[in-house]
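In our numbering, the protein residues as written are 11 to 76. Worksheet for the structure shown next.
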């Protein structure tokens, strides 16, 4: 029973990170594929990195406040 509790807590923390990360990556990938622009690609890359870092910080905060 304890293993189930830990597994549930682990999944409730890590799954949102990967789900949201996939959405961020997919959005900016499709955006740069539709609109071919060097400036847009650089901005999208920077925003993607910032968003993934923020999601990672959110994951760490959730992990330590369980």
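Idealized CB from N, CA, C, for every residue including glycine.
Neighbour-count burial assignment, residue i, 16 or more Cβ in a 10 Å radius
i	result
residue 45	exposed
residue 74	exposed
Integer Cβ distance of residue i from residue j, believed to fall under 8 Å
i	j	result
residue 36	residue 76	Rounded, the Cβ-Cβ distance is 28 Å, inconsistent with contact.
residue 63	residue 38	At roughly 14 Å, the Cβ-Cβ gap does not stay under 8 Å, so residue 63 and residue 38 are not in contact.
residue 34	residue 61	5 Å
residue 72	residue 32	Rounded, the Cβ-Cβ distance is 18 Å, inconsistent with contact.
4-residue-minimum alpha helix (DSSP H) runs that sit fully inside the region 31-74, ordered along the chain: 48-74
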